[in-house]
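Let me begin by presenting the structure, written as structure tokens, before commenting on it.
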Amino acid sequence: MSLYRLRGLVLGAVFLFVWTVDWLLRCLDGLKQWLDQLIFDYKRSTVNGCLVESLHVAIICEDLEPKNGSSELGVETLARVCCWCSEEGAKLITLYDGSGGLAELSGAISDSVKRQTASEHVKIEVCNWKAKLPKDSSNMITTSVRIITPDFGRGALVNYTRALAGNGSLSKGKISFQDVVKTLDEDPLQILLETEPDLLLLFAESRTLGAFPPWQIRLTQIKHFRSLAEMTRSKLRYALMKALTSEKRFGR
Amino acid sequence: MLVEWTFGLLVVVVLVVLSRGRPVRKLVLAALRYSGDCPKHVAVIMDGNRRWARRKSMAFRDGHRRGGNTMVEFLTWCRDADISTITVYAFSIENFKRPKGEVDYIMDLAIQNVEDMLQPWSAVHKERIRVRFWGEMDMVPKTLRVLAAKLTCVTSKYEGASLNICFAYTSRVEIAQAIAAVTNAISDGIVPDEVNEELLAEFLESGTCRGGLKSDGWPDVLIRTSGETRLSDFLLWQSAFSHLAFLRVMWPDFNAFHYSRVVLSYRRAKADMDKRAARYQEYMRRKHTSQALPHETKEALYNIRHMYANNLATTAAGSC
């Protein structure tokens, strides 16, 4: 047997070993997550969304269309997740996908949400960018579901650069980075997210943000699911609990 | 049957234990290279030093020191793992809020580490690693600033691999600096008045205006240790299509085996990542006319890059 083939066999065997150990550890990770979820459900720890005055949940949802090509099931599931978020106290839900397809389905999402809103006290408004946030009235939990496209991500920062430069609407001549931060925080063009999401739910095969608005995800907790179908009410509660109770340690 | 399973399990345990040694690490990394694509640009949030020290009942200083050693160790095997660019989050601007004693210690440790890297026998010179510092270096002690500039100049011609150390860095400040720089460049007439994503990206720390290479802009993988699942103001722009790997291991315990698991998860996710990146590019192409930079802009960027390199050499007190 030549040295080259022997090398290939040895490396192949080592790779198989590494892959097997990784697979075993992934199974163990899955088991641990399942046990954590079980303990959480047993303790019946509920997250009271009203503890945070304006809970903001962002959802990245790529590929609403499953293999059979129909987006209806995906829209129903997404609407259900929005309703759950609202019932847990979310005042603002931001929906995003990197291809801009969600914006075209806003009508379907809105109808589905209206059908699925179980509680009389929950009112959800689905709108494209950018309507004003609805105001609370009596004991109504009012949630705004906003759908954004990639234009509101890096495109928004490019628009601000255009506005600040040359003959732009916000041009002030020479500026420092502190001026830029102040302008972006004030958001006069109203093209940035109003608040930083507390939790970002990522529904996609890959754990990638897909150019979600970069300015506002500094400290956002990220929770990944491979598909919408995996999502349950208790998983959402668990993710919210983790997001709201995680320790923020001086910028890390 | 039981004997066979027990024997098999023992072999697995022995090999896992042995993998802490160097020859087996080389073998594991060679097997990864042999079996498929490996990430070329790896970004790391080196988190968990203090918690690691607390678990071992050690002082936080020991945690930071051990974390620094782990980073240096990472440099020695990054070429074996086929990594050509590493970007590490060493110190955030927000970390200045920590107790003064801890901040002073971290600064001293950074000075010591940079001095070690300047030595001819260090991994940086052996592996021919080009080192750059990203961040607001005006906020750090002058000694560290000068040493960092010196290290950048001395290693600027190296072509082995790239190491970008984010020190006194936050992504928001980086993006705001880039926007301010583009705005001022347009006001001065240095750069034509056509702003797009690519132009803005050139003015980031990873951009060519700041001495970056093309490979600096897009990490293939962003690793965060210690179990936290947030970006903490690190590479918010550049990590748009990076595979995010959140590991429970604390940074001082990070080794090649943890990295090999990251590579396997990267390979599982790559097809979907590429698909999503293509869909995003398609959307941007439909919505906007062109993202390419005109020729005169590229020339202007070249001049700006030249100015930046001269400033760096001045900071290093002409020692290049």
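As given, the protein sequences belong to chains A and B, one line each in that order.
Just so we're aligned, residue 4 is where the first sequence starts under the numbering used here, counting upward by one.
Just so we're aligned, residue 35 is where the second sequence starts under the numbering used here, counting upward by one.
From the three backbone atoms N, C-alpha and C, an ideal C-beta is built for every residue, glycine too.
Distance check between T177(B) and each of A144(B), W252(B) and A235(B) places A144(B) closest, using alpha-carbon atoms only.
Shown here for S237(A): same chain residues with a beta carbon closer than 8 Å to its own, the five before and five after excluded, namely Q40, F43 and D44 in chain order. Using a Cβ-Cβ cut-off of 9 Å, F155(A) is close to nothing in chain B; its nearest Cβ partner there is about 12 Å away.
Taking 8 Å as the CB threshold, D306(B) lines the interface with chain A. Within the stretch 70-107 of chain B, the runs of alpha helix (DSSP H) that reach at least 4 residues and sit entirely inside it are, in chain order, 83-89.
With contacts defined as CB atoms closer than 8 Å, A303(B) and A214(A) fail to qualify as a contacting pair. Counting C-beta atoms within 10 angstroms of its own C-beta, E250(A) has fewer than 16 neighbours from the protein chains shown and is therefore classed as exposed. The closest CA to that of S126(B), considering only F237(B), R319(B) and F201(B), is found on F201(B). Here Y7(A) is exposed: its Cβ has fewer than 16 other Cβ atoms, across all protein chains shown, within 10 Å. Per DSSP, the unbroken beta strand (DSSP E) holding T119(B) starts and ends at T119 to S126. Residue-level contact by beta carbon holds for L298(B) and chain A, with a gap shorter than 8 Å. When Cβ-Cβ separations below 8 Å define contact, A207(A) makes contact with chain B. L234(B) is a Cβ neighbour of V161(A), given a cutoff of 8 Å. Restricting attention to G169(B), R84(B) and Y300(B), the CA atom closest to the CA of G101(B) is found in R84(B). Rounded to the nearest angstrom, the Cβ distance from D306(B) to E208(A) is 4 Å, consistent with a contact under 8 Å.
For V174(B), there is no enclosing alpha helix (DSSP H), as DSSP marks it with neither H nor E. By the neighbour-count criterion, in which 16 or more other beta carbons inside 10 Å mark a residue as buried, W155(B) falls on the exposed side. Cβ-Cβ separation between C88(A) and V60(A): approximately 5 Å, consistent with a contact (criterion under 8 Å). Against chain A, a Cβ distance below 7 Å from W271(B) picks out R157 and P217.
For V165(B), the enclosing beta strand (DSSP E) starts and ends at I163 to W168. Between I63(A) and L212(A), the CB-CB gap stays under 8 Å.
Taking the CA atoms as reference points, G135(B) sits about 15 Å from G97(B).
Fewer than three pairs of CB atoms, one per stretch, sit closer than 8 Å, so the stretch 229-244 of chain B makes no contact with the stretch 184-194 of chain A. Using a Cβ-Cβ cut-off of 7 Å, G92(A) is close to nothing in chain B; its nearest Cβ partner there is about 20 Å away.
Within chain A, the residues placing a beta-carbon under 9 Å from that of R295(B) are V21, V24, D25, L28 and R29, ordered along the chain.
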